[in-house]
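K.L.:
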Amino acid sequence: MFFRNGYQGYRSGYQGSSFIELLRTEAQQLAPDFSTLAQELKLEGVPHGTTVCCFKFGDGVVMAGDRLATAGMQVASREVQKVFPTDTHSMIAIAGAAGPAIEMARVLSVELEHYEKIEGERLELDGKANKLSQMVRQNLPAAMQGLAVVPLFAGYDLRRRVGRLWKFDITGGRYEEGNAETSGSGGVYAQEHIKKTWREGLNGQEALDVAVGAIAAAADEDRATGGVDLQRGIFPIVDVCTEAGIVRASDEEVRASYERVRS
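Everything in the sequence shown is counted per my numbering, starting at 197 for the first residue and increasing by one.
Dropping the structure here:
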């Protein structure tokens, strides 16, 4: 079994920088295995996350997601988190089967942290997107049985000094997008709103308004998407990634943005 020596690394037969491969080599029972989830879970009643979106603005990228998860025609949860920071300058938005998607987001965060500690430097943004692509590909057997995970990935490229974003298909294919992308059952409606309101060089407040408006527009047309719930105090999650790092918009900021959008 492996053990730690300060944090000079793990002493084991595996000498690479992948935390997942380290677990598979030294502690296979702890390694995440997305390919077996379809066998372990009953497909009926599995919660699914719905609408997420991402787009560039003047200082970086914005990512947003609603909070509703559905199981068939029922509400599974009204407060699901679908947007996750994976490190200080990258983030993932999940749509699809909620359980595997949330696990994938958390494993990616651990994987990137482990790489940085072992190698002494951060993985390039392209490399982070490639790591996620490998995880999505491993989930393909489960996806073929109804547990698809279709994430969006974005971040601020510190070397190029620009925001970038990617979409994925269920086979793990990754595609870098120019300005905006959406995913989930309400994605087409969010995309329509972004196309109508987005422009080059948006400032921070304008970008927040576009993101909140996109989720609200999707909620108006798609019953599986949760918008702004003023009665319960539940608001979409909006993360903003710039050269300074990732900042999450507060509920108060999202509420104010929603008031501006609908006025």
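We put the CB at the ideal spot given by N, CA and C, even for glycine.
1. Would residue 335 be called buried (16 or more neighbouring beta carbons within 10 Å of its own) or exposed?
2. Could you name the residues of the same chain whose beta carbon sits closer than 8 angstroms to that of residue 456, not counting the 5 residues immediately before and after it, in chain order?
3. Please specify which runs of the beta strand (DSSP E), each continuous and at least 3 residues long, are wholly inside the stretch 340-427, giving them in chain order.
4. Give the secondary structure of residue 263 by DSSP, where H, G and I count as helix, E and B as strand, and everything else as coil.
5. Please report the straight-line C-alpha distance between residue 324 and residue 260, rounded to a whole angstrom.
6. Can you grab the Cα-Cα spacing for the pair residue 314 / residue 326, in whole Å?
7. Expressed to the nearest angstrom, what Euclidean distance is found between the alpha-carbon atoms of residue 427 and residue 444?
8. Would you report the Cα separation of residue 256 and residue 403, rounded to the nearest angstrom?
9. Can you name the start and end residues of the alpha helix (DSSP H) that residue 324 belongs to?
10. Label residue 416 either buried or exposed according to how many other C-beta atoms from any shown protein chain fall within 10 Å of its C-beta, with 16 as the threshold for buried.
11. Can you pull the DSSP bridge partners for residue 283?
12. Out of 301, 452 and 430, point me to the one whose CA is closest to residue 350's CA.
13. In whole angstroms, what separates the C-alpha of residue 280 from that of residue 287?
14. Mapping the DSSP letters down to three states, classify residue 213 as helix, strand or coil.
15. Could you check whether the stretch 356-365 touches the stretch 386-401, counting it as contact only if at least three pairs of C-beta atoms, one from each stretch, sit closer than 8 angstroms?
16. What separation, rounded to the nearest whole angstrom, lies between the Cα atoms of residue 318 and residue 400?
17. For residue 422, count neighbouring Cβ atoms within 10 angstroms of its own Cβ and tell me buried if that reaches 16, exposed if not.
P.N.:
Taking the definition as stated:
1. Taking the first residue of the sequence shown as 1, we reach residue 335 at position 139. By the beta-carbon neighbour count (other beta carbons within 10 angstroms, threshold 16), residue 335 is buried.
2. Numbered from its first residue, the sequence shown carries residue 456 at position 260. Once the five neighbours on either side are set aside, the close Cβ partners of residue 456 are 405.
3. 348-353, 358-364, 370-373 and 376-379
4. Looking up residue 263 in the sequence shown gives position 67. Coil.
5. Position 128 of the sequence shown, counting from 1, holds the residue named residue 324. Position 64 of the sequence shown, counting from 1, holds the residue named residue 260. Taking the straight line from one Cα to the other gives about 19 angstroms.
6. In the sequence shown, counting from the first residue as 1, residue 314 sits at position 118. In the sequence shown, counting from the first residue as 1, residue 326 sits at position 130. Taking the straight line from one Cα to the other gives about 18 angstroms.
7. Within the sequence shown, residue 427 is the residue found at index 231, counting from 1. Within the sequence shown, residue 444 is the residue found at index 248, counting from 1. For residue 427 and residue 444, the distance between alpha carbons rounds to 22 angstroms.
8. Within the sequence shown, numbered from 1, the residue matching residue 256 stands at position 60. Within the sequence shown, numbered from 1, the residue matching residue 403 stands at position 207. Rounded to the nearest angstrom, the two C-alpha atoms are 10 angstroms apart.
9. The residue given as residue 324 occupies position 128 in the sequence shown. Here the alpha helix (DSSP H) through residue 324 covers 321-334.
10. Here residue 416 refers to the residue found at position 220 when the sequence shown is read from its first residue. It counts as exposed.
11. The residue labelled residue 283 in the question sits at position 87 within the sequence shown. Beta-bridge pairing links residue 283 to 286.
12. Translated into the one-based positions of the sequence shown, residue 350 becomes position 154. Ranking 301, 452 and 430 by Cα distance to residue 350 puts 301 first.
13. Start at 1 with the first residue of the sequence shown, and residue 280 comes out as number 84. Start at 1 with the first residue of the sequence shown, and residue 287 comes out as number 91. Cα to Cα, residue 280 sits roughly 6 angstroms from residue 287.
14. To locate residue 213, count along the sequence shown from 1; it is residue 17. Residue 213 falls in the coil class under three-state DSSP.
15. no
16. Here residue 318 corresponds to residue number 122 of the sequence shown, with the count starting at 1. Here residue 400 corresponds to residue number 204 of the sequence shown, with the count starting at 1. Their Cα atoms are separated by approximately 26 angstroms.
17. As a first step, residue 422 must be located in the sequence shown, where it is residue number 226. Per the 10 Å Cβ criterion, buried.
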